[in-house]
Structure formats: C-alpha cells, structure tokens
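So the protein sequences, as listed, match chains A and B.
Everything in the first sequence is counted per our numbering, starting at 1 for the first residue and increasing by one.
Everything in the second sequence is counted per our numbering, starting at 1001 for the first residue and increasing by one.
Yeah, the Cβ is synthetic: ideal placement off N, Cα and C, and Gly gets one too.
Bear in mind the structure is a predicted one, so any value in this text is a computation, not a measurement.
The next block holds one structure in the form of structure tokens; read it before the comments.
Protein chains: 2
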Amino acid sequence: MNDHHPTRDDLRLPDVLLALGNPIRLAAVKQIATGECICSDFVTDVSKSTMTHHWRVLREAGVIQQRPEGRVIYMSLRQDDLEARFPGLLSAIFNADQVASG
Amino acid sequence: MNDHHPTRDDLRLPDVLLALGNPIRLAAVKQIATGECICSDFVTDVSKSTMTHHWRVLREAGVIQQRPEGRVIYMSLRQDDLEARFPGLLSAIFNADQVASG
DNA sequence: ACAATTGTACGATTCTATCCGTACTATCAA
DNA sequence: TTGATAGTACGGATAGAATCGTACAATTGT
C-alpha cells in the first residue's frame, strides 16, 4: 500500500475542495465522519479498484487517514488537521448537506 | 452570451466545491468577493477564452452572477444564495485562505 | 498447506478539464 | 461608418479523472 499522507502544513485548500467535489467521495467522507470505516464499507456503486482510486485522492488531499490493521484498512477523518488549517470548513460542508439534497 | 444561472434550489454542493477546487477560479472568486469585477480584470495568466471557460464553470455552479452592461460583464458573488444553502461555507473558504498559502 | 478475504497495482478505456488560437458579435466612441 | 474594446463560441490539442477487469500481495482461518 502506498501510504503517503501529507503533513498538516502541506494541506492545500484547492486540493481539499477538489477531493470533496465528487459525489462519491463526499458521501464517503460524510460516512467516515460518523465513525471509523473500512474500505469495503463503500464498495456498492463502483468497483473495488475504483474506490481504491477515490481513497487515494482523499488521502493525498489530506482529508482522510488510512490505518492498515491486519487485512483491513481503517479510515478516519483528519478533522483536527483540517480544522487547524481550514477552520469551519468541514462543519460547513457537513451542515450544508443537511440543508438540501446536494 | 450563454447566461444560464441555476436557481438557489438547484445549487449542488459537489458542483460548488469542484468549481472552487481550482486555483485560478478560487483566486478569481476571492477577488470578486472584495467587490464587483469585470472579466478583463483577470486576463493575466491565461487567455481570454480560457477565462471565459472558468466563468462558465463558476456561473453554472451558481458561485457567481454575471450581469452584462454595455460592453462589459459585471460579476458578483452569489453570497446570499450560497449562504442560504451552504451556511458558513464561503466564510470558511475565505478565512481558510488567510491561514496559510493554499 | 490451502482457501478465503481485503485490499492494491497496473493497463486500458472513456470521459472531462484545461488551455489556446481564431473567428465572431455587440457596444461604444470618433 | 469605421475602428477599438470586451467578451463569447467553436474546434482542437493535451492532460487528467473515473472506471473497470485482471493480476497480485498480505493476512487469517481451517
């Protein structure tokens, strides 16, 4: 597994917005925000290899953290890092999605 | 000019994030947020026709409003609509950008 | 040792974005 | 009416994103 995670200082807002600007990834991130998940929790609409691609995008943008453990990979939101660099962004995005459909 | 603007209810978060997830467009929107602009204020790094493309993306995502007047097109942020649908999002994005470089 | 599970890596394909130049339209000013 | 200005539209080039299938690696349970 290619496990490169950017440091907090290396997070870039356009990259984060781009990563979240995809319906599949946005939905995945919302789900992860409710608690740690493993990859296979999301293989429904698209194939395994497609989800691997989306996890990579989210990881490289610094949105999620991947923690391999045995056969599975636990994923969590990098909430503290995102809040430090982009205060209010995540809550605005999660709150926004409650307001209306998309 | 193709002047289609989505209604407030038609705004979609992934489209907005995608539109803002581009350095040129993000910089343009930050500039527009400080006051109304015309297209040619931004033709520096890229060509006129490229900026036309970026304005279209921002307009169709519902981020900006274009108002033709004579020979020029005034552009403004759709701040009220964005705030109504995605409260706190714009301020988080503008605030984020003050925190660090990108 | 073997099979099942979980996920990655890679190559191919298709679709979309970015970007430019050129041609064009509309407005304004002389 | 002629020319300058501000911008769009279109076609084409290049690059990147999304998707899949197949093949592979690592771990776990039998």
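Integer-rounded CB distance, given that residue j should sit under 8 Å from residue i
| i | j | result |
| --- | --- | --- |
| ALA19/A | VAL46/A | So it is not a contact: roughly 16 Å between Cβ atoms. |
| LEU89/A | ALA1033/B | Going by Cβ atoms, the distance from LEU89/A to ALA1033/B rounds to 16 Å, so no, they are not a contact pair. |
| ASP1080/B | LEU1011/B | Wrong, their Cβ atoms sit about 12 Å apart, outside the cutoff. |
| SER149/A | ILE64/A | Nothing in the structure corresponds to residue 149/A, since chain A is present only between 1 and 102. |
| GLY1021/B | GLY21/A | 5 Å |
C-alpha distance - residue i paired with residue j, whole-angstrom precision
| i | j | result |
| --- | --- | --- |
| PRO1087/B | PHE86/A | 15 Å |
| VAL43/A | ASP15/A | 24 Å |
| VAL29/A | ARG1071/B | 44 Å |
| PRO68/A | TYR74/A | 6 Å |
| ARG1004/B | ARG1078/B | For clarity, residue 1004/B is His in the given sequence; the question names Arg instead. The alpha-carbon atoms of HIS1004/B and ARG1078/B are separated by roughly 14 Å. |
| TRP55/A | SER49/A | 10 Å |
| THR7/A | MET1051/B | 32 Å |
| GLN1031/B | LEU1013/B | 21 Å |
| GLN66/A | CYS39/A | 10 Å |
| CYS1037/B | GLU83/A | 31 Å |
| GLU62/A | LEU26/A | Here residue 62/A turns out to be Gly, not Glu, going by the sequence shown. Each residue's alpha carbon lies about 14 Å from the other. |
| ASP1041/B | ASP1009/B | 30 Å |
| ARG1059/B | ARG59/A | 29 Å |
| SER91/A | SER1091/B | 12 Å |
Cross-chain neighbours of residue i in chain B, by beta carbon under 9 Å
| i | result |
| --- | --- |
| GLY21/A | LEU1013, PRO1014, ASP1015, VAL1016, LEU1017, LEU1018, ALA1019, LEU1020 and GLY1021 |
| ALA141/A | The question about residue 141/A has no answer, for chain A in this structure spans 1 to 102. |
| ASN95/A | PHE1086, PRO1087, GLY1088 and LEU1089 |
Proximal residues of chain B, C-beta to C-beta of residue i below 7 Å
| i | result |
| --- | --- |
| ALA28/A | What ALA28/A touches in chain B: nothing, since even the nearest Cβ is about 12 Å away. |
Closest by C-alpha distance to residue i, when choosing among the options
| i | options | result |
| --- | --- | --- |
| PRO23/A | ILE1024/B, HIS1053/B, LEU1017/B and PRO1023/B | LEU1017/B |
| ASN1002/B | ALA1084/B, ILE1093/B, HIS1053/B and PHE1094/B | HIS1053/B |
Please go through the segment 10 to 66 of chain A and give each complete alpha helix (DSSP H) segment of 4 or more residues, from N-terminal end onward. 13 to 20, 23 to 33 and 48 to 61
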